[in-house]
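Here the structure is laid out as structure tokens; the discussion comes afterwards.
Residue numbers (our numbering), protein chains in the order written: chain Y, 6 to 490; chain F, 3 to 97.
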């Protein structure tokens, strides 16, 4: 599957690299003991270190290092035993230090790779260049005063992981799949909550274009401010199209930072900042290098949960699920856990069907997610048992499911209270069948003449008379016996 | 290595320090003296020796992940030249 933009002079391909900023889940900040919790009163989660008061010294949070290493292992990446914090110097109102403590020449995590399963069944491998740790900045609020910007430093100093890919993605879809995969992995690992709307995961998108066949890279732009996968894909499409038009009209793309505007779906150049990229990195004299031991890394490796790729393989191999079903179920850890409870000791394919078709459909319509599902995994499992032991038919099960979704009740109770138990008593079914034949002599004659389709019509009649409670196989068999000429 | 006045002006801009043009040549001389002095270090043969970032023979101490600070906006804001509690305020930054 190749994504190309047709120009006047040539076909153009996309070259996309992503920098994902993922906020680390921790109680306290990277270099200070103030809290990281979201939504607190302005400047209440700020220490004198975060506010960069003179003489304050940073002391590193061990848990943040463990989280970065864990994420690195999840990205199949090299963990560097030696890494160094450096100062990235720039002035901005929400960066009180005048520099961001980051890692530059010696990041904590090096080369890794991610495998993407694309919708068309193809598999793409995307290289990870590095993961490094750094401080988040504070927040600027521009709409409180016409002349002033307000600054809240609650976020200043929270630990971020910057995950940098190689420029190996070739379409908006691949970039989307990549971000979803990274999000899925950090959520499985509980190293980042992956919430793009609240900004705890953000992506900067590097895009360039080149003529098919060219091997060198052309000038790229970096687009910031994309806070959803959909917006990111839109930004890539727009930006690639824009660049093709610039090249084809004889111009040249400028290396610049652009902002995505979700309202228009367009990107625009940020006001150019002279010297903006002159960061003058140098090792932070307040911090010694991080020296890790193999034992430290092994201890983290031992705590690694089963990751989405492994889970997917297990679902296919041990439970016989299709690649598609397995993929849908493992995307979110909560969904996979829910499914495993439903499937435990039952027909896994039936369980997958119910979770994917019925439950997801109902959740989507009700704008809920799996964690707020009114139907518990235990209850859905019991519903499957009721179908499996012929207590109810598959058709009645759908009705029971609707009641479960609305009330949160146990299906066993619902079936008892509403009298939905399937009629397996052959006598009662036979009476209904006889009645239907007696009431409709013309149709009965048609069936006897060999019109097999009319049998279906009779099944419908009998089911209606029994409020759907008759066992459809039994009805079918009886009708065939009685109407065979 | 020698700095010219253009480079000195650029450094001043990056450091957000305002310097009048007539002061640039003298400043360039001062900085060149300092650099010249430090550059004597390059006389030492350092081939094959890894760069050193600290003279302390120790590894970095780690902190446990506990909340031990914060909840003191008043103190944090105490020295702010301009504020609208509980916020710091600065001249409008528009992007």
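Glycine included, every Cβ here is placed at the ideal spot set by N, Cα and C.
Kindly indicate which residue of Y:296, Y:416, Y:430, Y:388 has the alpha-carbon position closest to the one of residue 90 (chain Y). Of the candidates Y:296, Y:416, Y:430, Y:388, the one whose C-alpha sits nearest the C-alpha of residue 90 (chain Y) is Y:296.
Supposed contact pair residue 30 (chain Y) and residue 72 (chain Y) - C-beta distance, whole angstroms, cut 8 angstroms: 7 angstroms
Contact residues within the stretch 55-67 of chain F, judged by C-beta distance below 9 angstroms to chain Y: Among the residues of the stretch 55-67 of chain F, those with a Cβ less than 9 angstroms away from any Cβ of chain Y are 55, 56, 58, 60, 61, 62, 63, 64, 65, 66, 67, in the order of the chain.
Same chain only: Cβ atoms within 8 angstroms of residue 363 (chain Y), ignoring 5 sequence neighbours per side: 403, 406
For residue 150 (chain Y) and residue 228 (chain Y), I'd like the C-alpha separation in whole angstroms. Roughly 28 angstroms between the two C-alpha positions.
Just checking, does the stretch 57-69 of chain F make contact with the stretch 36-45 of chain Y on the three C-beta pairs under 8 angstroms criterion? yes
Taking Cβ to Cβ, would you say residue 22 (chain Y) is nearer than 9 angstroms to residue 171 (chain Y)? yes
For the stretch 93-107 of chain Y, enumerate the residues whose C-beta is nearer than 7 angstroms to any C-beta of chain F, in chain order. 96, 98
Within the same chain, show all residues whose beta-carbon is closer than 8 angstroms to that of residue 62 (chain Y), passing over the 5 residues directly before and after it, in chain order. 54, 291
In three-state DSSP terms, what is residue 387 (chain Y)? helix
Local conformation of residue 58 (chain Y) per DSSP, three classes: coil
Can you tell me whether residue 368 (chain Y) sits near the ligand SAM, meaning its C-beta is under 8 angstroms from at least one heavy atom of the ligand? As for the ligand SAM, it is missing from this structure, which has no ligand bound.
Report yes if the C-beta distance between residue 337 (chain Y) and residue 189 (chain Y) is below 9 angstroms; otherwise report no. yes
Alpha-carbon spacing of residue 397 (chain Y) relative to residue 8 (chain Y), whole angstroms: 49 angstroms
Would residue 222 (chain Y) be called buried (16 or more neighbouring beta carbons within 10 Å of its own) or exposed? exposed
Uninterrupted alpha helix (DSSP H) stretches inside the stretch 203-282 of chain Y (no shorter than 4 residues): Segments of the alpha helix (DSSP H) lying fully in the stretch 203-282 of chain Y: 234-253.
May I ask you to list the residues that DSSP assigns as paired with residue 86 (chain F)? F:89
For residue 353 (chain Y) and residue 324 (chain Y), which I take to be in contact (beta-carbon distance under 8 angstroms), what is that distance rounded to the nearest angstrom? 4 angstroms
Of all the options Y:254, Y:78, Y:226, Y:387, which has the alpha carbon lying nearest to the alpha carbon of residue 418 (chain Y)? Distances from the CA of residue 418 (chain Y) to each of Y:254, Y:78, Y:226, Y:387 were compared; the closest alpha carbon is that of Y:387.
Is there a Cβ from chain Y that is less than 9 angstroms from the Cβ of residue 43 (chain F)? no
Buried or exposed: where does residue 179 (chain Y) fall if 16 or more other Cβ atoms within 10 Å of its Cβ makes it buried? With 16 or more other Cβ atoms within 10 Å, it is buried.
Would you kindly work out how many angstroms separate the C-alpha atoms of residue 5 (chain Y) and residue 368 (chain Y), rounded to a whole number? It is not possible to answer for residue 5 (chain Y), since the shown part of chain Y is limited to 6 through 490.
Going by Cα to Cα distance, which pick from Y:45, Y:97, Y:214 is closest to residue 75 (chain F)? In this structure, Y:45 is the residue among Y:45, Y:97, Y:214 with its C-alpha nearest to the C-alpha of residue 75 (chain F).
Hey, is residue 75 (chain F)'s beta-carbon within less than 9 angstroms of any beta-carbon in chain Y? Nearest CB-CB separation between residue 75 (chain F) and chain Y: below the 9 angstroms threshold.
Measuring only the C-alpha atoms, how far is residue 139 (chain Y) from residue 34 (chain Y)? 11 angstroms
Would a C-beta distance cut-off of 9 angstroms place residue 193 (chain Y) and residue 79 (chain Y) closer than the cut-off? yes
When the cut-off is 9 angstroms and only beta carbons count, does residue 81 (chain F) lie next to chain Y? yes
Residue 249 (chain Y), buried or exposed, once every other Cβ within 10 Å from all chains shown has been counted against 16: By the neighbour-count criterion, in which a residue is buried when 16 or more other Cβ atoms sit within 10 angstroms of its Cβ, residue 249 (chain Y) is buried.
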